[in-house]
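Residue numbers (the working numbering): 10 to 537. We put the CB at the ideal spot given by N, CA and C, even for glycine. Here the structure is laid out as structure tokens; the discussion comes afterwards.
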Ligand SMILES: [Zn+2]
Ligand SMILES: [Zn+2]
């Protein structure tokens, strides 16, 4: 592998070891930067920044995010009001001047933050459109990381030093709150466009591969704009700091409420998660460490974020631990919306079929959701129109409706989920069929439906498909297509093949016979 310039090989090796390494090492890393009695502020901040460095190294390998380079060389001294000058001034005021007791100019902080935001916009407009503007001369930073890291240091220092945060709030009044909690994140013009298109696509019953590809292009363009991402460590740190404030004044309560709303939205909404990536999760660690904060966060709709982080995330291990020791109260006060988001996040936990901890998280979640909210969250999850395949929720809803006692204990839930592993392919295909939109059904005739190669209905539907004009709907034909894929009977002896009529089954029997016996032997060898 070619090493990017300036790459520290030892650090990379360490990172690779951590990623594939033993669970204990993973856990140790997950807890780095957790404040404890006797640890000095600087030590804790440094540990957290060390994690940020790992994120940067990952970016260097993948070429994304923080690896982005500036467009103007940094001069000495840095140009006044330029990016590096602004970031350094912010850092000097909050960290050095405060610690040297040299009367820090806290009142300048909101204006400096606004300036950083402006310059990030200038830079990313250039990155996405390649149009040079006069202000580009102020974008004098070597790498995006050279902006994000010092800002993160400032954010963490304020978060871990409440008297300093209070002094800053007192000196800036409502201005700090406005800049940190009221101004909308700068996600860039292309992102808004991409989000609108995606929404339209989800509503469309006829969206096909070409439409998906077009939206993909717009989304890729939007992904080049990282203005919000570059600053998210700092803003995440600040919002967590506002949640951790101890004084219960009116002002504090208002800041807490706004911070909670923002953090929940940023971390639960799929689009926002895409924009902020692991950096937001990283800055949210203190919430996962502290059960009191976690309950508030989950009750405000953050359950989806917590479960989502049990999927692919740098905080996977702490998120899993947090779910498994989640106080009961965190499962309460959930809404239709928050439960829907939570079930969608469960779909991101892909390895629950193979490994213990993800299965525990899945079991724990289903158990708690069913106990409090019954079958409806699972039914709503199974009717999701997104591309993710909610087969598991079709299955759960189906099982819960069956005669007999629904699962009451966690052990019973675990059993139910384990049985899902043995679900015959044929059943899974039927579930998936009913989840395809109309264009999807037309284009998947070959892959779903009757297993008789010479099925006359399949031949007829393929003939009708040739005559189909996109945009012209025909309810009768569509119902015929849907029924063909949905109302199938599986081979009663092996359950791996499905047929639309007894005639089709008879016609396919000569070619299925040997396979059927083989399948049955396999199934007997591994009893369920
Ligand atoms: Zn057939
Ligand atoms: Zn069979």
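Subject >> Residues near residue 507 by beta carbon distance below 6 Å, same chain, minus five either side >> reply: Excluding residues within five positions, the ones whose Cβ falls inside 6 Å are 435, 460, 497, 499.
Original post:
What residue from 156, 52, 457 has the CA that sits closest to residue 92's CA?
Top reply: The shortest CA-to-CA distance from residue 92 to any of 156, 52, 457 is the one to 156.
Subject >> CB of residue 228 within 9 Å of CB of residue 207, strictly >> reply: A contact, by the Cβ cut-off of 9 Å.
Original post:
With DSSP run on the structure shown, which of helix, strand or coil describes residue 417?
Top reply: Of the three classes helix, strand and coil, the one that applies to residue 417 here is coil, per DSSP.
Original post:
Is any heavy atom of ligand 1 found at a distance shorter than 8 Å from the C-beta of residue 510?
Top reply: Residue 510 Cβ: within cutoff of ligand 1.
Original post:
Over what stretch of residues does the alpha helix (DSSP H) that includes residue 354 continue unbroken?
Top reply: It spans 345-355 - the alpha helix (DSSP H) in which residue 354 sits, taken as one unbroken run.
**OP:** Give me whichever residues DSSP pairs with residue 499 in a beta bridge.
**Re:** As a beta-bridge residue in DSSP terms, residue 499 pairs with 507.
Original post:
Which whole runs of the beta strand (DSSP E) in the segment 51-87 are 3 residues long or more, in chain order?
Top reply: Fully enclosed beta strand (DSSP E) runs of no fewer than 3 residues are not present anywhere in the segment 51-87.
Subject >> Closest Cα partner of residue 222 within the set 210, 103, 446 >> reply: That would be 210, whose Cα lies nearest to the Cα of residue 222.
**OP:** Can you tell me which of the three DSSP states residue 152 falls into?
**Re:** Three-state result, residue 152: strand.
**OP:** Can you give me the Cβ contacts of residue 531 inside the same chain, cut-off strictly under 8 Å, excluding the 5 residues immediately before and after it?
**Re:** Excluding its 5 nearest sequence neighbours in each direction, residue 531 has no C-beta neighbour in its own chain below 8 Å.
Original post:
If you draw a straight line from the alpha carbon of residue 255 to that of residue 332, how long is it in whole angstroms?
Top reply: Between residue 255 and residue 332, the C-alpha separation is close to 25 Å.
**OP:** Report buried or exposed for residue 48, applying the criterion of at least 16 other Cβ atoms within 10 angstroms of its Cβ.
**Re:** For residue 48, the number of other beta carbons within 10 angstroms of its own is below 16, and it is reported as exposed.
Subject >> Reduced DSSP category for residue 166 - H, G, I as helix; E, B as strand; rest coil >> reply: Of the three classes helix, strand and coil, the one that applies to residue 166 here is helix, per DSSP.
**OP:** Give the single residue among 226, 159, 191 whose Cα lies nearest to the Cα of residue 239.
**Re:** Answer by Cα proximity: 159.
Original post:
Can we count residue 367 as close to ligand 1, meaning its CB is less than 8 Å from some heavy atom?
Top reply: Checking every heavy atom of ligand 1 against the Cβ of residue 367, none is found closer than 8 Å.
Original post:
For residue 455, is the beta carbon positioned less than 8 Å from some heavy atom of ligand 1?
Top reply: No, the beta carbon of residue 455 sits no closer than 8 Å to any heavy atom of ligand 1.
Original post:
Can residue 389 and residue 345 be called in contact, C-beta distance under 9 Å?
Top reply: Residue 345 is positioned such that its CB atom lies closer than 9 Å to that of residue 389.
**OP:** Pick out the complete beta strand (DSSP E) segments inside the segment 171-236, 3 residues or longer, and give them in chain order.
**Re:** Within the segment 171-236, no complete beta strand (DSSP E) run reaches 3 residues.
Subject >> Nearest-angstrom Cα separation, counted from residue 351 out to residue 249 >> reply: Going by the C-alpha atoms only, they are around 22 Å apart.
**OP:** Kindly indicate the opening and closing residues of the alpha helix (DSSP H) around residue 402.
**Re:** That run of the alpha helix (DSSP H) goes 400-410.
Original post:
Can at least three beta-carbon pairs, one atom from the segment 116-133 and one from the segment 39-48, be found at a separation below 8 Å?
Top reply: Look at the beta carbons and you see the segment 116-133 not touching the segment 39-48: under three pairs across the two are nearer than 8 Å.
Original post:
Beta carbon of residue 496: closer than 8 Å to some heavy atom of ligand 1?
Top reply: No, since every heavy atom of ligand 1 falls outside the 8 Å radius drawn around the Cβ of residue 496.
Original post:
Hey, residue 119 and residue 184: beta-carbon distance below 9 Å or not?
Top reply: Yes, Cβ-Cβ distance for residue 119 and residue 184 is below 9 Å.
**OP:** In the DSSP assignment, find the unbroken alpha helix (DSSP H) run with residue 119 in it and report its ends.
**Re:** Residue 119 -> alpha helix (DSSP H) spans 118-138.
Original post:
Which residue comes first and which comes last in the alpha helix (DSSP H) that contains residue 304?
Top reply: Run containing residue 304: 300-306, per the alpha helix (DSSP H) assignment.
**OP:** Give the straight-line distance between the Cα atoms of residue 216 and residue 401, rounded to the nearest whole angstrom.
**Re:** Approximately 24 Å, taken between the alpha carbons.
Subject >> Beta-carbon proximity of residue 327 to residue 66, cut-off 9 Å >> reply: Taking a C-beta distance under 9 Å as the contact criterion, residue 327 and residue 66 do not qualify as a contact pair.
Original post:
First and last residue of the alpha helix (DSSP H) that includes residue 273?
Top reply: Per DSSP, residue 273 belongs to the alpha helix (DSSP H) from 259-277.
**OP:** Compare the C-alpha of residue 252 against each of 266, 219, 501 and name the closest.
**Re:** Ranking 266, 219, 501 by Cα distance to residue 252 puts 266 first.
Subject >> Beta-carbon proximity of residue 164 to residue 292, cut-off 9 Å >> reply: Note that the C-beta distance between residue 164 and residue 292 is below 9 Å.
Subject >> Selection from 325, 385, 168, 337 that minimises the alpha carbon distance to residue 357 >> reply: Distances from the alpha-carbon of residue 357 to those of 325, 385, 168, 337 put 325 closest.
Subject >> Cβ neighbours of residue 281 in the same chain (closer than 7 Å, five flanking residues each side left out) >> reply: So the list reads 274, 275, once near-sequence residues are dropped.
Subject >> Option in 133, 494, 521, 491 with minimal Cα separation from residue 505 >> reply: Considering only alpha carbons, the answer is 521.
Subject >> Terminal residues of the alpha helix (DSSP H) in which residue 390 lies >> reply: DSSP places residue 390 in the uninterrupted alpha helix (DSSP H) bounded by 385-391.
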